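Notes for the one structure printed next.
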Amino acid sequence: MPDVFPANLAFACSQFASIAQVCRRIGINRQQFNKYLAAQVRPSQHNMRRICDFFGVTESEILLEERRFRELLAVRSAPETQRGAPLYAPAIERLSRASGSLDRYCGYYYRYFFAFSYPGMITRSIGRLTRVGDQYLWKNVERHASMSHGASDVTKYEGMAFLLGDRLTIVEYESLLAGSITQMILYPSYHTGIDYLTGLQTGGPMKRGRKPAASRVMLEYLGQRVDLSRAIRRCGMFSQEAVGPRVTALIRNDMAADAWVFEVDQL
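Converting from the sequence shown to our numbering requires adding 372 to each position, the first position being numbered 1.
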């Protein structure tokens, strides 16, 4: 039997303004996506699931005979021109176009800040900045000991990054329950290499009454490649002595007596 997947994928994409738009929303590289359309390769199970979820079909449905698939898609969803793009999409695309390049900042980072829920303790988590198409995506993993059992709790965040007004802005949300949003604003690095990025973050802690809070934050650049398992094992909650005076000084939340707002100076 002929492989109907490329034709059905092309028809599903025709419901949108462009293939580039589809690739950006799914988060699949355009070059790789073109290979699917040209029947050069088939998507991995993971990417097939992402594609099907985006178009609102099952894997068995996207492999239906072409006529049946077109009828199914016509009944299930109106074309993009009729139903319109999500209201937030133009704003995100505009910010992406306005953003400067973050290519030199792509890679892994340790993230340090005084924990919102545990006074005096410092959180060290691991984050990664990657480029997908024209957008920069951010993922962050926090690991800390559970207070109710011996194992470690892991919290994952994901979001987007922009270079606007000569500042790095990262907006992330807690990906499991989507119960919190955090924003970081960081000074760029003017050195040849990247060591530390410092700035300020705001958010709502998961504990301690969920009071909105702000703190200094520091990203320590680790490079493009790391031993991820080892890096995650080094994450957790630490005393000030354990992380050392250099890190503690960069994230200490001191505020002058005559200050009216909480500000962070550049290194």
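A virtual CB, placed ideally from N, CA and C, is assigned to each residue, including glycine.
It should be emphasised that the depicted structure is a prediction, and the values quoted were computed from it without experimental measurement.
3 or more residues per run - each beta strand (DSSP E) lying fully within the segment 487 to 557: 494 to 504, 507 to 517, 524 to 536, 539 to 546
Quick one: is asparagine 512 buried, meaning 16 or more other Cβ sit within 10 Å of its Cβ, or exposed? buried
Would you kindly work out how many angstroms separate the C-alpha atoms of tyrosine 545 and alanine 586, rounded to a whole number? 16 Å
Assign leucine 639 to one of three DSSP states: helix, strand, or coil. coil
Taking the alpha helix (DSSP H) that glutamate 437 belongs to, which residues open and close that run? Note, glutamate 437: premise wrong, no alpha helix (DSSP H); not H, not E.
Any idea which residues DSSP pairs threonine 570 with across the strands? Met590
Applying the 10 Å Cβ sphere with the 16-neighbour rule, what's the burial state of methionine 556? buried
What does the alpha-carbon distance come out to for the pair threonine 527 and glycine 399? 22 Å
Using the C-alpha atoms, what's the distance from aspartate 375 back to glutamate 437? 9 Å
Give the single residue among Asp525, Ser386, Arg439, Ser390 whose Cα lies nearest to the Cα of cysteine 607. Asp525
Among Ala410, Phe405, Ala411, whose alpha-carbon lies nearest the alpha-carbon of arginine 422? Phe405
Should tryptophan 632 go down as buried or exposed, given a rule of 16 or more other Cβ atoms within 10 Å for buried? exposed
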